[in-house]
Structure formats: structure tokens, C-alpha cells
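One structure is given here, and the rest of the page talks about it.
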Amino acid sequence: MKICIVNDTFLIGRGVDTVIYELAKRLGKKHKVKIVCGKGFCNYKPENFEIHEIDIGKAFTGSIKDILLPIRLLKLRNFLKKTNCDVINLHHSTLFLGLIGMKNVVITYHGSPPAYGISKYPRTLINIFGKLSLRFAKRVVAISEYLKKELIRFGVPEERIVLIPNGISKDFKPTWKDKNYMLFVGRLEKHKRVDQLIKLAKDIRFPLKIVGDGLERKKLERLARKIEAPVTFLCQIKRDKLIKLYQECSFFVSASRWEGFGLIFLEANACGKPVIGYDLTAIREIIINGYNGFLVRNFEDLKNKALELKESVNLRKEMGRNGVNFSKNYNWEKISEMYEKSLKI
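Convert by adding 515 to the 1-based position in the sequence shown; the result is the number in this note's numbering.
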């Protein structure tokens, strides 16, 4: 089977692109796999798959260049028509606006976080049209029950939706070290509410390491300095260092108000660490309250649960062991087999 996996980016450290990489290197053992992404937005190297960068740029940049999206969609459609692939697995649902009518497209729906700032209204509108367009897709993979329900609300027939979660790499494994700090990993955007985590570090007097970059970084750095919170910003780091940070933290914490799946919680669990997240969106599917972590409803709740984990090494160990067991349900080998079945259309 000739498989073409498409996204606007293919960058190390981005959640969707990690999913693409893990799928491609497994499917590539049995099939001919080609990754198609925007030129200049790729830093992976070919393995048992090819990489083709084309001049479509990034779908959304928050700049005036976003008005060129229709031209980019046309370029993408023309390119994919020439690839002669048996199936196209699209990982950016908005790009399907340019592929409507093509019968060999399977979309993996990762959802869209809430938009803010100057691009809020145009981006929200385009996202809505993108979701509505999925009614015409032959098959849509939803990565969580939360996103499956969202697709149904937008009129996608349930019989065309397949639920396949994301997986976790075997590289994420416990060492049972604990160096007394909280960890957050993710893009520094408004919906992640990282300011709450900075205030949390200050209030409970426990160090926080933040891995990630984004438009909010400078503002968050100023906040940390202003309130003298024990926070370290690490921006983008290599994968092996990221795994080590997971392995050596005391627990993982997030105040995000939206996750389409919640891979960061799963990565922490696989490294033997308990997790804290808000009882929202797909987060509640990954965190079993009181088992592998805590679900919280407000900042006070967040602070209380963080204090509980800070003060009890035994609780951290118990929840960490539970997290390792829970993460084994998300094995990439099994998940790639599920994809292989779903891509046969």
C-alpha cells in the first residue's frame, strides 16, 4: 500500500507531528510511506519513509499571509493528485477544504484549541468550515471520545468515525528518580494558562520547570520575575533531555483548558510520574482521578492537590506506578495496526 501522510508541519516536539513520526516509522516497515509537509517546516530526517516538502507554508501563522490559504490548498490538492498514493492520511482537518471530492482521504482529527488575539475570528471561522467539510470525508479518525462527540455535533455520520487514540513511545519509561520539581511541557499559548502554574510554584514554594515556547513566553517570564516564583524556562530541548526531565520530576502539572487528547499526561505517566490536570475536554479520559493523578476544577483545587503530592513521596510513587500500568494501554504497535486497518479504503 502506498500511503501519503499529510500535515502543514513535520517538526520535532509538536504533538501531531510526533504522532505522524511514530505512525510512519511503523507503517513504513510494510508499506511505502511518504510524508508531505510545508517547505521550511520540517526538521525530521527520513527513516523508512520519504519526506516531501512543498510550498504550502504553515496553515495558520496569525499574520496577513493567512489570506493565502486558498492558494495553498489548491497547491496541495494538485500535488497530491500527482503522487499516485493508494490512501492519503491527512492530519490537519482544515486542509481537507482543499481535498473535498478526493475519495482516498482518511482524516485524523486532532481538534483545534481556542483562538485568541487578532486571528481569533478568521481562524475560528475557518476551523468551523473545516469541521463542517468533514461531513464529506469517507473516514475520520478521532483520537478521543471528546473529539468524536465534537465531530458528531458538526454533522459527521457516526458510522464514518473510527476511534484510535494516540500512543506512547517505549522511550518514555521510569527510572524512579525524583529531584523535587514540578514539570510542564507544552506550547506557551493562552489556553494553556501557564500563568496559573507560575503562581502555583510561588504559592506552594516548589520549583517548576517549563518546557516549551510560544507567543506568551516573554509575558510569562516577566510574571515569574515579578512574583519571584521558582520557575525555570527551558524552551525547546532535545528529546533525550525531555525524557530525562519527565523521569526526574516529582509530578507533572497542567492548567490547560483544552486538550484534544493529552499526550503530555501519558508521557509523564509512562515515566512513572503522577499528573494533575483540569477536569475538561479529553483530559478526563487520560487522568483517572485518584489513580494515576488528580483532576481539578479550579485554582484552589489545583493548589491543594499539588501540595498533597509535594508532601507525600509515597503517594507520588503509588500514583506513578499506576501511571506506568495505565500508559501500557497506549502501545504504538497496536495503534499502528489499527491505523493500517482504517487506511484500507
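Yeah, the Cβ is synthetic: ideal placement off N, Cα and C, and Gly gets one too.
(Q) Closest to valine 656 by C-alpha separation, out of Leu830, Glu774, Glu673 and Ile550, would be which residue? (A) Glu673
Q.
I'd like the ranges of any alpha helix (DSSP H) spanning at least 4 consecutive residues and lying wholly in the segment 704–758.
A. 709–719 and 732–742
(Q) Excluding the 5 residues flanking asparagine 846 on each side, which residues of the same chain have their C-beta closer than 8 Å to its C-beta? (A) Gly682 and Ile683
Q. Out of Ala770, Lys707 and Leu591, which has the shortest C-alpha to C-alpha gap to alanine 821?
A. Ala770
Q. Does the segment 644–662 come close enough to the segment 613–632 that 3 or more CB-CB pairs lie under 8 Å?
A. yes
Q | As assigned by DSSP and simplified to three states, the class of lysine 783 | A | Looking at the sequence itself, residue 783 is alanine, so the reference to lysine does not match. Helix.
Q) Counting along the chain, where does the beta strand (DSSP E) carrying threonine 623 start and finish? A) 620–624
Q. Can you tell me the Cα-Cα spacing of histidine 567 and aspartate 523, whole angstroms?
A. 11 Å
Q: Can you grab the Cα-Cα spacing for the pair valine 811 / asparagine 837, in whole Å?
A: 19 Å
Q: Give every residue of the same chain whose Cβ lies closer than 7 Å to the Cβ of aspartate 710, excluding the five residues on either side of it in the sequence, and list them in chain order.
A: Leu735 and Leu738
Q.
The alpha helix (DSSP H) that contains asparagine 837, what's its start and end?
A. 828–842
(Q) So, for leucine 588: in the same chain, excluding its five sequence neighbours on each side, which residues have a beta-carbon less than 7 Å away from its beta-carbon? (A) Leu610, Leu612 and Gly613
(Q) Using only the alpha-carbon positions, how far apart do methionine 853 and glutamate 743 sit? (A) 48 Å
Q. Which residue or residues does DSSP assign as beta-bridge partners of glutamate 565?
A. Lys549
Q.
Suppose the cutoff is 8 Å on Cβ atoms and the five residues either side in sequence are ignored; what does the same chain contact list for isoleucine 535 look like?
A. Ile520, Asn522, Phe525, Ile550 and His606
Q) When DSSP labels each residue in this structure, what does isoleucine 676 get in the three-state scheme? A) strand
Q | Check whether leucine 584 and isoleucine 571 have beta carbons under 7 Å apart | A | no
Q) Buried or exposed: where does asparagine 819 fall if 16 or more other Cβ atoms within 10 Å of its Cβ makes it buried? A) exposed
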